[in-house]
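J.: This structure is in structure tokens; I'll ask about it shortly.
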Amino acid sequence: MFAIIETGGKQYRVHEGDVLFVEKLPAEVGDTYTVDRVLAVEKDGALQVGTPLLDGVKVLCKVQQHGKEKKIIVFKYKSKKNYRRKKGHRQPFTKVVVEKIEA
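Following this line, the structure appears as structure tokens:
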């Protein structure tokens, strides 16, 4: 059984027990986070597709940790103009484990 969920503007195909790194969620470590934006679910070989979402289908995820990705360097440069800008960015994430798909 798998489900296709949407969180943080991105879509993920998840099975029970999967570990995901998603955009930062407003939940504490150890809490259960419910994703109700389910686009599709496959159960016993039958695929249900929502238009665009499925009603009554939830995916329960347990929050493992919060953190930041590796630093990305953003460097802007224009030749012969002495224009240089250097910035760094670390995207925050939340590590979750998919516990149950309720279809």
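The sequence shown begins at 45 in this note's numbering and counts up by one.
Beta carbons: idealized from backbone N, C-alpha and C, even for Gly.
1. If the criterion is Cβ atoms closer than 9 Å, does the pair Lys139 and Gln92 meet it?
2. If we ignore side chains and look at the alpha-carbon of each, how far apart do Lys131 and Lys122 end up?
3. Tell me the DSSP bridge mates of Leu104?
4. Which of the three DSSP states, helix, strand or coil, is assigned to Gln92?
5. Helix, strand or coil, according to DSSP, for Arg134 in the structure here?
T.: Let me spell this out:
1. Counted from its first residue, the sequence shown places residue 139 at position 95. Counted from its first residue, the sequence shown places residue 92 at position 48. Cβ atoms of Lys139 and Gln92: not closer than 9 Å.
2. Counting from 1 along the sequence shown, the entry for residue 131 is found at position 87. Counting from 1 along the sequence shown, the entry for residue 122 is found at position 78. Roughly 15 Å between the two C-alpha positions.
3. Your numbering for residue 104 matches position 60 in the sequence shown. Bridge partners of Leu104: Thr78 and Lys144.
4. Taking the sequence shown and counting its residues from 1, one reaches residue 92 at position 48. DSSP places Gln92 in strand when its eight states are reduced to three.
5. For this step, residue 134 is matched to residue 90 along the sequence shown. Residue state, collapsed to three classes: coil.
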